[in-house]
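Taking our numbering, the leading residue of the sequence shown gets 3, the next gets one more, and so forth.
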Amino acid sequence: MRIALLGYGKMGQIIERFAVERGHEVVLKISIDNVEDFT
Numbered sequence: 003m004r005i006a007l008l009g010y011g012k013m014g015q016i017i018e019r020f021a022v023e024r025g026h027e028v029v030l031k032i033s034i035d036n037v038e039d040f041t
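This is the structure:
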């Protein structure tokens with residue numbers, strides 16, 4: 003499964019770790035630091 007994370011705080015990092023451990027791919031991470039790249 004390809005996953006996009008909207009928010010990359012503590013919860014986003016945990017979700018990424020669990021997803022990768024289960025063989026999924028995180029294809030996009032949007033956080034407060036890079037939100038301007040998407041507007």
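Glycine included, each C-beta is placed from N, C-alpha and C at the ideal position.
Residue 5 by DSSP, collapsed to three states: which one?
The sequence position of residue 5 within the sequence shown is 3, counting from 1. Residue 5: strand per DSSP, three-state reduction.
Between which two residues does the beta strand (DSSP E) containing residue 17 stretch?
Residue 17 sits at position 15 when you count from the first residue of the sequence shown. Counting along the chain, residue 17 falls outside any beta strand (DSSP E), though it belongs to the alpha helix (DSSP H) covering 12-23.
Would you kindly report the start and end of the unbroken beta strand (DSSP E) that includes residue 27?
The residue labelled residue 27 in the question sits at position 25 within the sequence shown. Taken as a continuous stretch (DSSP letters only), the beta strand (DSSP E) holding residue 27 covers 27-32.
What's the C-alpha gap between residue 39 and residue 33?
For the purposes of this step, residue 39 is identified with residue 37 of the sequence shown, where counting begins at 1. For the purposes of this step, residue 33 is identified with residue 31 of the sequence shown, where counting begins at 1. Cα to Cα, residue 39 sits roughly 10 angstroms from residue 33.
Taking residue 36 as the reference, which of 19, 11, 17 has the closest Cα?
Within the sequence shown, numbered from 1, the residue matching residue 36 stands at position 34. That would be 11, whose Cα lies nearest to the Cα of residue 36.
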